[in-house]
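In the UniProt record's numbering, the protein residues as written are 1 to 205.
C-beta: ideal position from N, C-alpha, C; glycine also.
In this text the structure is predicted, and so the values were computed from the model without any measurement.
What follows is one structure encoded as structure tokens, with my remarks underneath.
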């Protein structure tokens, strides 16, 4: 309510206290509130537009687990506004795949050497909405990961890398992991290993 119709108009409450209202007046207040909710489509329970149809079943884009989600969230998922993530861990993993990080020095060296050898690649390729790959060679289904000597020895990162390795293998891809010290010692030798795999396949074909 606005203006003089507002009980707090002028900064002083001049309406009627609930304790001073009669039963009939309370019933009338409730009737008015229900009428307002109906007009605004803001009812509770099954009559609320947000709950029409009940909870819906969706599949988590990270772990592929099936779970139920309320209608308002289901509509956001179907509209592409929100992703289907069954819990906070999966939501965190999905968020990590969307973060564009600056290239490390060893990733720059790898990109330069692959370009020099005329090997087509994609950087920060998102695999199955689960993991971001440092380098993906689509023609050969080869993945190259460049691991920092310090960061990739941390227990939580080691655990994540193992999960990543397993998922890459499950997708039928070949994985090459090179340590920072290996890349800095001889990036040429690292890429030679990748080329050896590519040549073996071409000969077999």
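Span of the alpha helix (DSSP H), counted from its first residue to its last, around residue i
i           : result
residue 67  : Careful: residue 67 lies outside any alpha helix (DSSP H), inside the beta strand (DSSP E) at 66-69.
residue 166 : 155-170
residue 115 : 105-116
Buried versus exposed, by CB contacts within 10 Å (16 or more), residue i
i           : result
residue 134 : buried
residue 108 : exposed
residue 145 : buried
residue 58  : buried
residue 84  : buried
residue 147 : buried
residue 116 : exposed
residue 203 : exposed
residue 78  : exposed
residue 33  : exposed
residue 164 : buried
residue 72  : exposed
Host beta strand (DSSP E) of residue i (start-end)
i           : result
residue 136 : 131-137
residue 177 : 174-179
residue 144 : 142-147
Residue i vs residue j beta-carbon contact at 8 Å
i           : j           : result
residue 194 : residue 142 : yes
residue 197 : residue 113 : no
residue 168 : residue 127 : yes
residue 201 : residue 140 : yes
residue 130 : residue 93  : yes
residue 177 : residue 149 : no
Bridge partners - residue i, DSSP secondary structure assignment
i           : result
residue 127 : 131
residue 57  : 68
residue 202 : Residue 202 pairs with nothing; no bridge assigned.
residue 122 : 136
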